[in-house]
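Let me begin by presenting the structure, written as structure tokens, before commenting on it.
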Amino acid sequence: YVFTPGNPKWKRNSLTYRILNYTPKMRKTDVDEAIRKALSVWSNVTPLTFRKVEDKEADIMISFAYRDHRDNSPFDGPNGQLAHAFQPGEGIGGDVHLDEEEAWSKNGRGYNLFIVVAHELGHSLGLSHSTDPGALMYPTYSYTDPNEFLLPQDDIDGIQAIYGPSNA
Amino acid sequence: FPVAPEGEDEGKTLQLVESYLQNFYDLQRDHQPHLRNKDENPLVEKLKEMQAFFGLEVTGKPDLDTLEMMKKPRCGIPDVGQ
Chain A
1003 YVFTPGNPKW
1013 KRNSLTYRIL
1023 NYTPKMRKTD
1033 VDEAIRKALS
1043 VWSNVTPLTF
1053 RKVEDKEADI
1063 MISFAYRDHR
1073 DNSPFDGPNG
1083 QLAHAFQPGE
1093 GIGGDVHLDE
1103 EEAWSKNGRG
1113 YNLFIVVAHE
1123 LGHSLGLSHS
1133 TDPGALMYPT
1143 YSYTDPNEFL
1153 LPQDDIDGIQ
1163 AIYGPSNA
Chain B
2 FPVAPEGEDE
12 GKTLQLVESY
22 LQNFYDLQRD
32 HQPHLRNKDE
42 NPLVEKLKEM
52 QAFFGLEVTG
62 KPDLDTLEMM
72 KKPRCGIPDV
82 GQ
């Protein structure tokens, strides 16, 4: 695992998130569930909690975007770059952007939204890319059935090195 | 059927390699290659860095394994030098 340079981390354990818009390629409830499950990947192994807000500024703002979306990191259309996220911090810090031109899905077709969001949330919480090919924080996409997904040990070690183990 | 002339393939490969290394390995856009001395080739160095990161054979050349890795769908965050 690799920390983001400067070791940024959230100063609070209770964080908020908001889904700013939805892809038409999935049912809204499936998008909600995929993101909720992706957040629980990290909250299950740390003291972090995530509360969904509907209309105000949240710590982690999640949105689908096209090409140039005014953050100096334009998306590139289908395939290639699938998504990106920003390290912990105010404003755009922690936010997750997903390339709307990808074939998002809740299963093995196209790109599984749960897997991609879980990876991007690693960045939102302060992790960089891992060189461990089996890690969730490895840079390239690989599908795992969300129902069988277990956070790999490399990622558990990394996030607990930042926030400590879960209180549960 | 038509086969792309070799030069054109090489051009596309170089473009893929350069943009990948600029996006994810902090390769600076080289606006004055004529000023660089012969032994210095930042692209080779960055290519080696990328090959080491992914556990590929470190050749400094855009071999097949390296190009295959570059074509994989991935996260848009750089691998180094965020």
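Sequence order for the protein chains is A and B. In terms of the working numbering, the first sequence opens at residue 1003 and continues consecutively. In terms of the working numbering, the second sequence opens at residue 2 and continues consecutively. From the three backbone atoms N, C-alpha and C, an ideal C-beta is built for every residue, glycine too.
Which residues in the same chain have their Cβ closer than 6 Å to the Cβ of G1136 of chain A, if we skip the five residues on either side of it in sequence?
P1154
Are L44 of chain B and E19 of chain B touching if we call contact CB-CB under 8 Å?
yes
Three or more C-beta pairs closer than 8 Å, one from the stretch 1113-1125 of chain A and one from the stretch 1082-1100 of chain A: is that the case here?
yes
Output, in chain order, the set of chain A residues within a Cβ distance shorter than 7 Å of K47 of chain B.
Correct list: empty, because the minimum Cβ distance to chain A is about 15 Å.
E50 of chain B versus E1056 of chain A: straight-line alpha-carbon distance, rounded
43 Å
Where in the stretch 1053-1088 of chain A do unbroken runs of the alpha helix (DSSP H), each at least 4 residues long, occur, reported from the N-terminal end onward?
none
Tell me whether the beta-carbon of L22 of chain B lies closer than 8 Å to the beta-carbon of L28 of chain B.
yes
Can you tell me whether L1152 of chain A is buried or exposed, with buried defined as 16 or more other CB within 10 angstroms of its CB?
exposed
So, for P1049 of chain A: in the same chain, excluding its five sequence neighbours on each side, which residues have a beta-carbon less than 7 Å away from its beta-carbon?
N1015, Y1165, G1166, S1168 and N1169
What does H1071 of chain A reach in chain B if we use C-beta pairs closer than 9 Å?
Residues of chain B passing the Cβ test: none, with the nearest at roughly 11 Å.
Burial state of S1132 of chain A, where buried means 16 or more other Cβ atoms lie within 10 Å
buried
Does any CB atom of chain A fall closer than 8 Å to the CB of K73 of chain B?
yes
In chain order, what residues of the stretch 1132-1163 of chain A put their CB closer than 8 Å to some CB of chain E?
This model lacks chain E altogether, as its protein chains are A and B.
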